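Trainee: This is the structure I have questions about; it appears just below.
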Amino acid sequence: DQQVKQNSPSLSVQEGRISILNCDYTNSMFDYFLWYKKYPAEGPTFLISISSIKDKNEDGRFTVFLNKSAKHLSLHIVPSQPGDSAVYFCAAGGATNKLIFGTGTLLAVQP
Amino acid sequence: DAGVIQSPRHEVTEMGQEVTLRCKPISGHDYLFWYRQTMMRGLELLIYFNNNVPIDDSGMPEDRFSAKMPNASFSTLKIQPSEPRDSAVYFCASSLIRGRSYTFGSGTRLTVV
């Protein structure tokens, strides 16, 4: 049973436009959410996080939005750059130190 | 710090053979995690350790899989006997006590033929 779901396997966006990556979760006990970015042949790297007490967190071109009632979070990248092309994983955690990851979304930013 | 170090980077083995994957976490990190990445299931948590003690191994798929952490600077994931369906990229990650951000290694790509 996938507790964290990324329903879009891939997304293609033009350079300079906004990229929106989506993630849904089922477990209401999750209280911390993260996005990781992964390039080919490398391990995932931490990008941005948000606590369940907030509904938005911004870091430069990256903003994460959390809608607890809908159990949904999204990552916005504005403006998108070709170097943003990678696989993006959504992850959720709760009382333990265990993170549950989604299946990932492959973002391709076209020059 | 060199980060989380995994070896080997690539492993090709024949079905039925034993495979051992290795991980050196970041010094001072109290948690160590083993994940497996597949297209269908994304990043699956196999097992994690806290202060070298296995805490949750509910993600270990079968008895063919075992993991150890004999000391704070080394962990192994062993598959015996290996099967073609074990082919995947295996990641090790570590984090600080009560930390929320993991640091991942570069992974081991395992191919079982």
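Protein chains in written order, with our numbering: chain A, 1 to 111; chain B, 112 to 224. Every residue, glycine too, gets a C-beta built ideally from N, C-alpha and C. The model shown is predicted, which means the values in this text are computed figures rather than measured ones.
For B:Phe144, which option in B:Met126, B:Ala113 and B:Cys134 has the closest C-alpha, if you only look at C-alpha atoms?
Mentor: If we check each option's Cα against that of B:Phe144, B:Cys134 comes out closest.
Trainee: Under a Cβ-count criterion, where at least 16 other Cβ atoms within 10 Å of its own Cβ denotes burial, should B:Arg196 be classed as buried or exposed?
Mentor: Result: exposed.
Trainee: My output table needs one value for A:Arg61: the three-state DSSP class, helix, strand or coil.
Mentor: The answer is coil: DSSP assigns A:Arg61 none of H, G, I, E or B.
Trainee: How about B:Met151: is its C-beta nearer than 9 Å to some C-beta of chain E?
Mentor: Any reference to chain E falls outside this structure, whose protein chains are A and B.
Trainee: Mind listing the chain B neighbours of A:Ile53? Cutoff is C-beta to C-beta under 8 Å, in chain order.
Mentor: Result: empty, since nearest Cβ-Cβ is about 14 Å, beyond 8 Å.
Trainee: Using CA coordinates, which residue listed in A:Pro79, A:Thr103 and A:Thr96 is at the minimum distance from A:Gln110?
Mentor: If we check each option's Cα against that of A:Gln110, A:Pro79 comes out closest.
Trainee: Which value, in whole angstroms, describes the spacing of the CA atoms of A:Asp55 and A:Gln14?
Mentor: Those two C-alpha atoms are separated by around 27 Å.
Trainee: At a Cβ threshold of 9 Å, is A:Glu58 touching chain B?
Mentor: Output row for A:Glu58: interface = no.
Trainee: Between B:Leu156 and A:Ser85, what straight-line distance do the alpha-carbon atoms span, to the nearest angstrom?
Mentor: Between B:Leu156 and A:Ser85, the C-alpha separation is close to 25 Å.
Trainee: Please compile the residues from chain B whose C-beta is within a distance smaller than 9 Å of the C-beta of A:Ser49.
Mentor: Going along chain B in sequence order, the residues near A:Ser49 (Cβ under 9 Å) are Arg211 and Ser212.
Trainee: Quick test of the definition: if touching needs 3 or more C-beta pairs under 8 Å, does the segment 47–62 of chain A touch the segment 101–110 of chain A?
Mentor: Touching, no, given that fewer than three Cβ pairs across the two stretches are closer than 8 Å.
Trainee: B:Asp167 to A:Lys98, Cα distance in whole Å?
Mentor: Straight-line Cα distance between these residues: approximately 9 Å.
Trainee: Straight-line CA distance for A:Phe65 to A:Lys37?
Mentor: If you take the alpha carbons of A:Phe65 and A:Lys37, they lie about 17 Å apart.
Trainee: For the beta strand (DSSP E) holding B:His140, just list the boundary residues, first then last.
Mentor: Premise fails: B:His140 is in no beta strand (DSSP E) and is neither H nor E.
Trainee: Excluding five sequence neighbours on each side, which residues of the same chain lie with their C-beta closer than 7 Å to the C-beta of B:Arg175?
Mentor: So the qualifying residues of the chain are Ile190, Gln191 and Pro192.
Trainee: First and last residue of the beta strand (DSSP E) that includes B:Pro181?
Mentor: Start and end: Phe176 to Asn182.
Trainee: Measure from the C-beta of A:Thr45 to each C-beta in chain B and report whether the shortest distance is under 9 Å.
Mentor: True, the Cβ-Cβ gap to chain B drops below 9 Å.
Trainee: Going by Cα to Cα distance, which pick from A:Leu11, A:Thr45 and A:Thr96 is closest to A:Trp35?
Mentor: Comparing Cα positions, the closest option is A:Thr45.
Trainee: For B:Thr187, which residues in the same chain have their Cβ closer than 7 Å to its Cβ, ignoring the five residues on either side in sequence?
Mentor: Here the set comprises Thr131, Leu132, Arg133, Ala178 and Lys179.
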